Amino acid sequence: MIWRLVVVGGVCVLFLGAGGQGRDDRNLRRTLTFHRTQQDESQHQVRTRPRRDTSTASTSKASHGPHFTSCRLPLTPAEHRVLDVSTHETGFNGDDGSSFTLTWVGDGTGVILVLSTISAPIDSFLEGGSSRLYRSTDYGKSFHDISHRINNTFIRKEYGVSAGPGNSLHVILTADTPVVDNPGGVIFTSTDAGVTFKSIQLPFHLAQPITFHFHNPDYLVVISIDGGLWLSLDFGAKWTKVHDGAHSFMWGAGITLFFSYSPIGTVEADRRGELQLKRTEDLGKTFTTIAENIFSFGYIGGFLFTSVMEDLRSPRVIYVSSDQGNVFNQAQLPSASTEQFYSVLDGDEDMIFMHVDNPGDTFFGTMYTSDDRGILYSKSLERHLFGGQRKSDFTNITSLRGVYLTNKLEEDGRIRSVISFDRGGQWRLLTKPENVECGENVKNCNLHIHGEHSRYNRITPMLPLSEPTAIGLVIAHGGVGDSLSSSQHPDVFVSSDGGYNWRGTLRGPHHYSILDSGGLIVAVEAQHEGQVKTIKFSTDEGQCWKAYNFTEQPFFFAGLASEPGTKAMNISVWGYRPEDDGQPMWVAVTIDFQSLLTRECKDQDYEEWLAHSTGQGDPKTDGCVLGYKETFRRLKKLSVCRNGRDYVVSRKQSPCRCTREDYLCDYGYYRHGNSSECVRQPNTADQTLEVCLNGEEEELLTSGYRKVPSDRCEGGFTPQPRAETIVRPCGEKPSQSPPASHSSSNTHFDTPREKMVLILVCAGAGIIVLVAVISAVLTVRRVVYRNNTTVYRFSNLQIQDDDNCITADLESGTSSNGTAFQQDSDDDLIE
């Protein structure tokens, strides 16, 4: 038997059949759906098996891949007894046609909902199928059948269960109701984590899952199958249709809601460039059209992006707004043709990572980083891997600021991993772990990390994992050599310092999870065709591991389930086991490691740790990244204790003196080779850099440097900018005579006299007063230098065709909470 995991309607569905393997990642820990093919019907029930002592787990090593040594410790008899008492196994009897959805509700509540759904065969007397709902209030140690609370209603498999954001106790169950002869769908809502449910008849049929507001779970929005945009402000009790012809929507800041729609009411795939974008800031009472001719839109980190097509045959360009769509500016990025795409890889309020695909099926493109306005972009990494399935290996290492990990496609076809510790300013190869030996005849031996491409192709079961509360900790699959290899089985590697140094820790692919804010790591070996019964755990960030057999009867692994976040110490292992009577049984085994790590950590269990420190060079600059140092108080590796739920990350910050590394190369500049100096791009070496916005050109005259967004350095290296900026209508040729020389504080204007009259008045020795009489129809934009940082002030963009300059009214796109942007590709982001 082989498992295959696919994403359906926002939840993960595990199918049993040929051609795949089980997979898991940290995004699946809140909701997991498990499915089997249809056979006979059976009685649904919950069975809890008593735990008995188990034998010592096997610690055999795999025979493939480069050799490395790692620490394995046996369990003591006392540890065996404690874990046996703290391990609880629950079986759910069902049919081969059943699917199971596991959903965590709230944070720190211990509540888990399990939905068992059976689809009836076509010739069955049942309508659609049947469902059973189970609830646990003790972190999965025991479950109770609560199907009567939803009147035993058949709940749909795809997006049947939705839990509210954060600590919310709100839950929505979506019934599977036929569209024919029904005025609308039916949902069940609960505000007490499933203690009670309320049945609600909808006036429409859902086309997608209902979306919660990120901070107020009572605010709901959804699109119906006929394109209606519906809002509820009382957690689904009442619904109001606020617009027709909706294509997509996203929440912005506060209660702002953005949505794209078709003026003709229907959206055809080849005419998405005719969509308009609207904004409502009062929950559907009033609307403002903020963009036209958009293909798609997105929102991340306070930036609103739109992908605009001037006509259905023109390339797409990106426009950006940092004020919720009031003002848009064209992002200084290459345009994308129909065979290319854009993808926002990551972003916050200071900077955006943007990938622009290369033309053709090249499987790579160029990664850019933005300024703090999201307008000007500089090359960060060329030949950035972005495969045919539009999958990117780009990963934000959340356990240490400024660290990003990705893969690039070399000209000879090799895939190599690179890492940046300064938000894309510089990229370098990963260091080979000291405890791993490279094979013979390997000239350049480095560690290479498997990402989304490898998971999509079922080479690895999980992506790299890091958590903000587990400072410096990174867990990933990879291998050593001159490039990433798909023929070599991946092993598990761990870094304790945010990716500077790594250690080979587990042989072969595993599913893993971080618990207790990094004080505990657990892992289950990924078996392609076999069954599992052993869990491995480490209390020293993966240096040494112990193994425990959590069940007497192994089963086919489906996933690790833990509470959202990393504070919990309970882990559930889920899967399927065939029974002697021929009926399948779904199994949930919950292990409470809190009973093993009973001692609360004390002050002596922690140490001061300087992030980004190499221990070499000048102590004044050691650890300086993005202009300041950070010293954390974190758990010592040899301390065997519990951080607990009250653990809060403690840090101290101090500024550093500025160096060239604190600056990015400005628009039209790049870092040559391994040099830190910014040089002009070859194709612009003999020409001024022109930006055409609102019918006017601006020549950007700069020293080639701009400070990294969010960099806090003080003093030290300060590039001298040339603040001279020339403003003229688009398409007008520069004056034949060179402009008069001005100091860095002056601005030179070269515009037609019917739009601007310049009067020079002498007012004393060496002093010139510049008086400009400007027509009312002209808005002048300037480049203003403040603290050596360029600030661009642009007016609203108007639809016009002015000689060589084409601009357009833009609309805004938004994502969700400003932090979670769809990161797959342009198809669901910005195309």
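With the numbering used here, letter number 707 in the sequence shown gets 1053, and the count goes up by one each step, no holes. Ideal Cβ placement from N, Cα and C applies to all residues, glycine included. Given the structure is predicted, the values throughout are model-derived calculations rather than measurements.
Short Cβ contact (7 Å threshold) for residue i with residue j
i: Ser660; j: Ser642; result: no
i: Arg1058; j: Gly973; result: yes
i: Gly486; j: Thr777; result: no
i: Ala872; j: Thr880; result: no
i: Asp718; j: Pro1055; result: yes
i: Leu548; j: Gly573; result: no
i: Leu461; j: Ile501; result: yes
i: Ser545; j: Lys503; result: no
i: Lys975; j: Ser1000; result: yes
i: Thr433; j: Phe896; result: yes
i: Cys890; j: Leu419; result: yes
i: Tyr993; j: Ser863; result: yes
i: Asn439; j: Met808; result: no
i: Gly824; j: Ser831; result: no
i: Arg736; j: Phe710; result: no
i: Lys983; j: Asp886; result: yes
Where residue i falls: helix, strand or coil (DSSP)
i: Arg801; result: helix
i: His593; result: strand
i: Leu515; result: coil
i: Gly844; result: coil
i: Met423; result: For the sequence presented, residue 423 should be read as Pro rather than Met. Pro423: helix per DSSP, three-state reduction.
i: Ile601; result: coil
i: Glu898; result: coil
i: Pro680; result: coil
i: Ser606; result: strand
i: His794; result: strand
i: Pro1028; result: helix
i: Gly619; result: helix
i: Tyr480; result: strand
i: Asp949; result: helix
i: Asp862; result: helix
i: Leu579; result: coil
i: Tyr1138; result: Model confidence at Tyr1138 stands at a pLDDT of 30, short of 50, so the residue's coordinates are unreliable and nothing is read from them.
i: Leu429; result: helix
Straight-line gap, residue i to residue j (C-alpha atoms, nearest Å)
i: Phe287; j: Glu620; result: Because the chain spans 347 through 1177 in this model, residue 287 falls outside it and cannot be assessed.
i: Thr684; j: Arg979; result: 50 Å
i: Thr912; j: Val919; result: 16 Å
i: Phe839; j: Ser829; result: 16 Å
i: Glu898; j: Glu435; result: 10 Å
i: Leu629; j: Thr557; result: 14 Å
i: Glu627; j: Asn562; result: 15 Å
i: Val567; j: Gly1014; result: 42 Å
i: Asn916; j: Gly648; result: 35 Å
i: Ser833; j: Arg747; result: 33 Å
i: Pro900; j: Thr806; result: 22 Å
i: Arg762; j: Phe604; result: 39 Å
i: Thr542; j: Arg991; result: 28 Å
i: Asp527; j: Val507; result: 24 Å
i: Ser745; j: Tyr1016; result: 29 Å
i: Thr1005; j: Cys791; result: 31 Å
i: Asp703; j: Leu727; result: 12 Å
i: Gly785; j: Pro836; result: 15 Å
i: Phe767; j: Asp938; result: 36 Å
i: Arg804; j: Thr635; result: 44 Å
i: Arg769; j: Thr632; result: 39 Å
i: Ala509; j: Gly961; result: 46 Å
i: Asp590; j: Leu577; result: 12 Å
Inter-residue CB distance, residue i and residue j (contact presumed, cutoff 8 Å)
i: Phe489; j: Thr535; result: The pair is not a contact, with the Cβ atoms about 21 Å apart (cut-off 8 Å).
i: Lys584; j: Tyr607; result: So it is not a contact: roughly 23 Å between Cβ atoms.
i: Tyr723; j: Leu679; result: 5 Å
i: Glu1007; j: Ser996; result: With 8 Å as the limit, Glu1007 and Ser996 do not qualify as a contact, their Cβ atoms being about 27 Å apart.
i: Gln670; j: Ala592; result: Not confirmed; about 19 Å, so no contact.
i: Leu575; j: Phe595; result: 6 Å
Proximity test, Cβ basis, 7 Å: residue i and chain B
i: Leu819; result: Considering every chain present, this structure includes no chain B. It has just one protein chain.
Check: residue i C-beta below 6 Å from any heavy atom of the ligand PLP
i: Leu1010; result: No copy of the ligand PLP appears in this structure; indeed no ligand is present at all.
Original post:
If we count Cβ pairs, one from each stretch, closer than 8 Å, do we get three or more for the segment 734-745 versus the segment 796-811?
Top reply: yes
**OP:** Would you check if there are 3 or more beta carbon pairs closer than 8 Å linking the segment 509-524 to the segment 446-462?
**Re:** yes
Subject >> Cβ contact check for the segment 770-784 and the segment 834-849: 3 or more pairs under 8 Å >> reply: yes
Original post:
Any contact of the segment 810-829 with the segment 706-716, i.e. 3+ C-beta pairs under 8 Å?
Top reply: no
Subject >> Three or more C-beta pairs below 8 Å linking the segment 943-958 and the segment 902-909 >> reply: no
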